[in-house]
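Chemist: Okay, so the sequence shown: first residue is 1 according to full-length UniProt numbering, each after it adds one. All C-beta atoms, glycine included, are put in the ideal place defined by N, C-alpha and C.
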Amino acid sequence: MNPVIALVGRPNVGKSTLFNRLTRSRDALVADFPGLTRDRKYGNGVLGGKAYTVIDTGGISGDEDGIDAAMAEQSLQAIDEADIVLFLVDGRAGLTVADEAIANHLRINQKKTWLVVNKTDGLEEHTAMADFWQLGIGEPRPIAAAHGRNVTGLIEEVLTPFPARDEDLPADTGTKGIRIGVIGRPNVGKSTLVNRLLGEERVVVYDEAGTTRDAIEIPYERRGEPYVLVDTAGVRRRKNVREVAEKFSIIKTLEAIKECHVAVMVLDARSGLVEQDLHLLDYVLTSGRALVLAVNKWDGLESEAKDKMRAEIKRRLGFADYADLHFISALHGTGVGDLYPSIERAFASAHSHWSTNRLTNILRDATEQHQPPMIHGRRIKLRMAHQGGTNPPIIVVHGNQTGSLPEAYKRYLTNTFRKVLKVRGTPMRFEFRSGK
Ligand code: GDP
Ligand code: GDP
1 MNPVIALVGR
11 PNVGKSTLFN
21 RLTRSRDALV
31 ADFPGLTRDR
41 KYGNGVLGGK
51 AYTVIDTGGI
61 SGDEDGIDAA
71 MAEQSLQAID
81 EADIVLFLVD
91 GRAGLTVADE
101 AIANHLRINQ
111 KKTWLVVNKT
121 DGLEEHTAMA
131 DFWQLGIGEP
141 RPIAAAHGRN
151 VTGLIEEVLT
161 PFPARDEDLP
171 ADTGTKGIRI
181 GVIGRPNVGK
191 STLVNRLLGE
201 ERVVVYDEAG
211 TTRDAIEIPY
221 ERRGEPYVLV
231 DTAGVRRRKN
241 VREVAEKFSI
251 IKTLEAIKEC
261 HVAVMVLDAR
271 SGLVEQDLHL
281 LDYVLTSGRA
291 LVLAVNKWDG
301 LESEAKDKMR
311 AEIKRRLGFA
321 DYADLHFISA
331 LHGTGVGDLY
341 PSIERAFASA
351 HSHWSTNRLT
361 NILRDATEQH
371 QPPMIHGRRI
381 KLRMAHQGGT
391 NPPIIVVHGN
401 QTGSLPEAYK
411 RYLTNTFRKV
421 LKVRGTPMRF
431 EFRSGK
């Protein structure tokens, strides 16, 4: 499990700026989907061989009455989910009443809290720090998030107690088989599906002694093939579905996504798509994980309701159309077996290897079919393609003026590669490089 860092503070102190800096190593991988607004943002970063997760809280406006109102619900949740809290204040604005109110709250909290004074660029550090000692949170640490000043040193120190783990790949636990993570918001039918997928008698080992946040592995077999169910949400721990589910946690979902090879995202046909579904999907996509979509509770639905759900998916989940879509009933088991071929294919696609020759041929055919545009009187040339990585597959395209390639043309290439290589169920990434 990555250490989780929550950024807390009133609006405008520089939380997003710091968030962007801390997750910048991943910017290239972070897909941008307009229309997906979030109140809390989650991102990953790596520093000195240590991977971490950052939560940016929307901010606590000091204008509300009383700390309970001021500590917006979501900030509390973020603190709850975090191992470390970075409490940001504004070195230029100086100490404010709102800062004090937040500090009062944080002092009661058991979480390891660091007091971070931002915007110290151009300020005399010693003077800028003086006031903030009063907050009683400990030593104020000067940074300038916008310029990166002192940020690396601070984060290194913050991460000192945590062991190194630098990869966002599933832990190599030596267990055989595709690792499947079932994710989704509460009540969509995850536990029901997990029990269906496993089939009680096939459970080989079930390690009850999992710590609260770590993933629990459940190895099992189906038709002679080994699989591993990765359970972080505690879905398997519930003996029957009437037991109260654990509190929904995005951090746990992110952990499940990280620890699996293929995520099976469950949607609920009865409640339709909601914002939270889109956010979770966005995280899967950003993580680059292979994905299968299962629209659950398809049993006994009126055809009108079915049409509505289909239309909604088409309209709002276009960005995840690389994933196979299944309509299932976890309760009755209908369609559940069909998930397996999609899981297999998604896994295989994510781990495919293609020769430079093959990729370059596809590129050549694609550009012959449809030439790249002219830029400043010179045609963009795409010469060669090779594979830059797997899981998700990365295709690196070399040429001239590739920086000017229009989005539409990139999309055309992406679609062509996908189709020719028969890639299903995994995102693909493309990098365009220009030679001299
Ligand atoms: P948030 O509301 O806490 O997320 O704050 P933002 O990250 O949006 O930053 C608020 C404003 O402060 C923006 O105009 C930033 O450019 C500015 N800002 C952030 N960090 C720094 C810094 O280190 N120095 C200076 N001078 N300005 C900063
Ligand atoms: P979780 O919170 O995502 O793990 O969801 P559960 O598996 O606990 O299911 C939530 C509720 O939906 C329970 O009452 C289930 O019986 C019900 N449910 C789950 N799958 C189906 C399904 O395929 N069809 C119908 N009609 N109900 C279902």
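(1) State the DSSP-derived secondary structure class of residue 439, mapped to helix, strand or coil.
(2) Throw me the rounded Cβ distance for the I178 and Y227 pair, which I believe falls under 8 Å.
(3) From L193 to G49, what distance separates their C-alpha atoms?
(4) What residues are listed by DSSP as bridge partners for R179?
(5) Find the nearest neighbour of G138 within the set Q77, G153 and A103, judged by alpha-carbon distance.
(6) Helix, strand or coil for Q223, going by three-state DSSP, please let me know.
(7) Compare the beta carbon distance of V262 and A346 with 8 Å and say whether it is the shorter of the two.
(8) Determine the closest residue to R316 out of S303, L281, T286 and I180, with distance taken between C-alpha atoms.
(9) Mapping the DSSP letters down to three states, classify Y322 as helix, strand or coil.
(10) So for T286, helix, strand or coil by DSSP?
(11) Ligand 2 and S271: does the residue's C-beta get closer than 7 Å to at least one heavy atom of that ligand?
(12) For G53, report the span of its beta strand (DSSP E) as first-last.
(13) Buried or exposed: where does M374 fall if 16 or more other Cβ atoms within 10 Å of its Cβ makes it buried?
(14) Here's the rule: buried if 16 or more other CB atoms are within 10 angstroms of the residue's CB, otherwise exposed. What is D56?
(15) Distance, Cα to Cα, L278 vs R358?
(16) How long is the line joining the alpha carbons of F132 and A144, rounded to whole angstroms?
(17) Is any non-hydrogen atom of ligand 1 found closer than 7 Å to the C-beta of P11, if you look at the structure I gave you?
(18) Flag this pair as yes or no: are the beta carbons of L198 and L229 separated by less than 8 Å?
(19) Short of 7 Å in beta carbon distance, which residues of its chain neighbour K119, apart from the five on each side in sequence? Order them along the chain.
Modeler: Looking at the atomic coordinates:
(1) Lying before the first or after the last residue shown, residue 439 is absent from the chain, which here runs from 1 to 436.
(2) 6 Å
(3) 36 Å
(4) V228
(5) A103
(6) Per the sequence shown, the amino acid found at residue 223 is Arg instead of Gln. If DSSP states are grouped into helix, strand and coil, R223 belongs with coil.
(7) yes
(8) L281
(9) coil
(10) helix
(11) no
(12) Gly is not the amino acid found at residue 53; the sequence shown has Thr there. It spans K50 to D56 - the beta strand (DSSP E) in which T53 sits, taken as one unbroken run.
(13) exposed
(14) buried
(15) 35 Å
(16) 16 Å
(17) yes
(18) yes
(19) G14, D90, G91, R92 and A144
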